[in-house]
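Which chain is which? The protein sequence lines are A and B, in order.
Just add 64 to the spot in the first sequence (first one is 1) and you have the working numbering.
Just add 64 to the spot in the second sequence (first one is 1) and you have the working numbering.
All residues carry an ideal CB built from backbone N, CA and C; glycine is no exception.
There are 2 protein chains.
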Amino acid sequence: MSENKIALAIHGGAGTILKSRMTAELESEYRSGLKTALEAGWKILLNGGTSLDAVEAAVVELENCALFNAGKGAVFTHDGKNEMDASMMDGAAHKAGAVAFVRNVKNPIRLARLVMERTEHILLAGDGANEFAREMNVESAADEYFFTDFRYQQLLEARTRGTVQLDHATDEPQLIEEIAGFKFQVSNEKPETLNLKPEIKNLGTVGAVASDWRGNLAAATSTGGMTNKKFGRIGDTPIVGAGTYADNRTCAVSCTGHGEFFMLAAAAYDVAARMKYKSSSLIEAAEATVDYLRDIGGEGGLIAVDASGNIAAPFNSEGMYRASASADGGMKIEIYR
Amino acid sequence: MSENKIALAIHGGAGTILKSRMTAELESEYRSGLKTALEAGWKILLNGGTSLDAVEAAVVELENCALFNAGKGAVFTHDGKNEMDASMMDGAAHKAGAVAFVRNVKNPIRLARLVMERTEHILLAGDGANEFAREMNVESAADEYFFTDFRYQQLLEARTRGTVQLDHATDEPQLIEEIAGFKFQVSNEKPETLNLKPEIKNLGTVGAVASDWRGNLAAATSTGGMTNKKFGRIGDTPIVGAGTYADNRTCAVSCTGHGEFFMLAAAAYDVAARMKYKSSSLIEAAEATVDYLRDIGGEGGLIAVDASGNIAAPFNSEGMYRASASADGGMKIEIYR
C-alpha cells in the first residue's frame, strides 16, 4: 500500500570509547541497555504506534539506564546537582519542544514533549522550566536517584583508578582526561578519599529517531550535559536544528558529540538541508554533515532515518553506542567502528 | 584588487507596525535611532575596520536606544526584571557566542562577543551567564536604567490609552494585543492607575549584519525577549542557526519575529544552506526563507549580506524597522513596505 517502512535508530553517546578500558562485563551491560531501549521503541512501531511514541519510549529507557549520560545517569554540575537538557521534534506536525537545566525530573524527554504539546514555546530553561515541570506534574526523582547505583560505582572506580595511576606519572596537580571530545580536569586525590561526584561521571547524550507506518518521522535527544559545567553552558541537545531535527519531507536526526561544533554547523538541520536543497540521499547527507563536523573539529556522530526506512549512523569519533532496527536490516547493536 | 564590497544592514524589529498608531514625531525618533546605529557601524567599515566591530557598534547603539526591545529598551519579565538575550557570529573564524537571560548588563551583545572570544562555549544562560558577566567586568546598569525615559513614557502612555479604550468595548477583563506576531494580555486598569511595567513595553529584536573590505562577514542580534515571559522561554535570538548566522562562504543573517517559527526553520542557517546547496543568490535565498516562514505561520523578517556587498531585508509582516548602507546602494532607512 505504501512505501513507508518502519525504522528506529538509537544512540547512547559518541566519543573516545576505548576497548582497552572496556571489560567484557561492562560492554555486555551497555549492549543490554541499548537492546532494552531499542526493543521498547520497536515494539511500538511494530504495533502500528507513532514514531513520536517510539522515540519517547526508547529515550525513556536510555534515561532510566545509569550507564548513559541522561536522566538517571546524568552527570553532575559544579554544585553536585544534575541539570538535564532534552528536545523532541515531530516531523509530521512540524512542532518541537525542549528543556534546558531541568532538575529532579525523572525523564526530561517527557517534559520536552509536554513543552511541544502544551505550550506555544519550543525551549524552556532553568527555574522556569522546573516550574513548568511542577505544573505539568511530571514524575520527579530525588537527588539520590541520579546517583546511587552499584554497577555505576564500579564504572566510576575503574575510571578513577585509571586516571589516578596516570596522575602519579606527572607533576601537574591536575590531569586532563578527554572524553567525548571534551577535556576534563580530574582531581589527583587518592582513590580511597576520592570525591566521586563532579568530574568523572559518564558522558555523552542519548537519542532516538524513528519512521512509522504512516511515514511520520520523529527525533528525540536527551543529556545530562557537561560534567562540572560552569556559567550555565547550554549545548546542542536542547537546540532544535543543532541536536535534534525532524521533517517528514526529509529526515529525523539526533546528534551526539562536542555540542558547540554541532551548534555552529546547525548539524541536525544540515542533514535535512542537504537532502532538501541538494537532493542528497539520507546516507550521503548524514555522512557529509559528519565529515564537515570533523573538518571543523567537532567530534561526534548522529543517527538519522527517512520515511523509506533508511538508517544512517555516521560518526567521526572512535566509537558511538548505537543500535537500530528496520524491516530490511534487522536488529543491530554496535559500539566501535 | 578585490570584489569584496563593504555593506551593513540593521534592523530594529518586525511586526504589526501600524501607520495609524505612529505619530510623525515618533516615526522621526525611530528613524533617528536607526540612523545613529547605522552610522556607528558604517564609519567602522569605511575606516577599514572589521565586520565584527561594525555589527557590535551598530547593535550597541540600538541597545542604547529605548525605542527598541534590547538593552535599555528591553521588555519586562513577569517579576518586573529585564532578562536579555544576544548572539554574535564571526563568519571568518566560524565562531559564535551567545547569552540568554542576562540581567543588568548594559550591552548584552558585548557579553555575547566575550563568550565567543574568551570561552570554548557558545551559549551561556541564566545565573551562570550573569556570573560570567561579572567575571568579565562588563558594564552593568541598574534596574532603573532599563526603565526611566521621558520619551519612552510617552510611547507607553499612548499605547496604553489605545488599549484601554479598546478595553472599554469588551466584557473581557483582559484584552489581547498582537504585536510582532505574539498575543499579549493587557491589563484593563484605568490609565491613571496603570502599572506600566510588565505587559506593554516595546517589542521586537535588534540586529546587524556586515561585510568588510576583507570579505569577512559578521552577524549580531540582541533582544529583551518577550514581555511578561513565563517558564524561562528562550526564543531564536541567542540560538546560532535560528536567530543569527554568519559564514564567509555564504552570508551573514540576523532575524526578527516570532522566534519559535524561526527556531523550527533554523531560519538564519537556512538562508546560508540555500546558497551553499542550491546555489541561490543572497536575495533569492533570503526571500525563500521568509516565504517559508510565512507558510508555516512565522511572522517576521531578516537582514542578510554577502561578501559582494549585496543586501537583502525581506519580511512577511506589516513592517520592519530597518536601515542599510552599501557602496552601491547608498543609505536607506525604512519602516513600512
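query: With 16 other Cβ atoms within 10 Å as the buried cut-off, status of B/His322; result: buried
query: Cutoff 8 Å: B/Ile360 Cβ touching any chain A Cβ; result: yes
query: Interface positions of the region 173-188 of chain B facing chain A (Cβ-Cβ less than 8 Å), listed along the chain; result: Thr183, Glu184, His185, Ile186, Leu187, Leu188
query: Same chain, Cβ closer than 6 Å to B/Gly383, neighbours up to 5 away in sequence not counted; result: Ile81, Ile399, Tyr400
query: Distance, A/Glu208 Cα to A/Ala156 Cα; result: 38 Å
query: Euclidean distance between Cα positions of A/Arg297 and B/Gly365; result: 28 Å
query: Collapsed DSSP secondary structure at B/Ser318 in the structure displayed; result: strand
query: Close beta carbons around B/Ser96, own chain, < 8 Å, minus the five adjacent residues each side; result: none
query: DSSP state of A/Arg278 mapped onto helix, strand, coil; result: coil
query: Boundaries of the beta strand (DSSP E) in which A/Glu363 is found, first to last residue; result: Neither: A/Glu363 is in no beta strand (DSSP E) and is coded neither H nor E.
query: C-beta neighbour in chain B for A/Ala160, strict 8 Å; result: yes
query: Member of B/Leu188, B/Val179, B/Val166, B/Met180 whose CA lies at the smallest distance from the CA of B/Ser204; result: B/Val166
query: B/Tyr209 - containing alpha helix (DSSP H), residue span; result: Premise fails: B/Tyr209 is in no alpha helix (DSSP H) and is neither H nor E.
query: Pairwise C-alpha distance: B/Ala337 and B/Pro351; result: The sequence as given places Glu at residue 351 of chain B; Pro does not occur at that position. One C-alpha to the other measures close to 13 Å.
query: Proximity test, Cβ basis, 8 Å: A/Gly305 and chain B; result: yes
query: Where B/Val202 sits in the DSSP three-state scheme; result: coil
query: Other residues of its chain near B/Pro302: CB distance less than 7 Å, five sequence neighbours each side excluded; result: Asp149, Ala150, Ser151, Ala162, Val163, Ala164, Leu187
query: A/Leu116 to A/Ala283 span [Cα, whole Å]; result: 7 Å
query: Cα-Cα separation, B/Val169 to B/Gly307; result: 20 Å
query: Beta-carbon neighbours of B/Ile298, restricted to chain A and to distances below 7 Å; result: Leu187, Ala189
query: Contacts of B/Leu281 in chain A (Cβ-Cβ under 8 Å); result: Under the 8 Å cutoff, chain A gives no residues; its nearest Cβ is about 14 Å from B/Leu281.
query: DSSP state of A/Val335 mapped onto helix, strand, coil; result: helix
query: Residue range of the unbroken beta strand (DSSP E) whose run includes A/Glu398; result: 394-400
query: Selected residue, minimal CA-CA separation from B/Ser424, among B/Thr100, B/Lys145, B/Arg182, B/Gly105; result: In the structure as shown, chain B begins at 65 and stops at 401. Residue 424 of chain B is therefore absent and cannot be evaluated.
query: B/Thr269 classed as buried or exposed, judged by whether at least 16 other C-beta atoms fall within 10 angstroms; result: buried
query: B/Ala332 vs B/Val317 beta-carbon contact at 8 Å; result: yes
query: A/Thr80 (DSSP reduced to helix, strand or coil); result: coil
query: Nearest neighbour of A/Ser344, chosen from A/Glu125, A/Phe326, A/Cys315 [CA to CA]; result: A/Cys315
query: C-beta neighbour in chain B for A/Gln356, strict 8 Å; result: The sequence shown places Tyr at residue 356 of chain A, not Gln. Not one chain B Cβ lies under 8 Å of A/Tyr356.
query: Neighbouring residues, chain B, relative to A/Ala310 (Cβ below 7 Å); result: Ordered by position in chain B, no residue passes the 7 Å Cβ test against A/Ala310, which lies about 10 Å from the chain.
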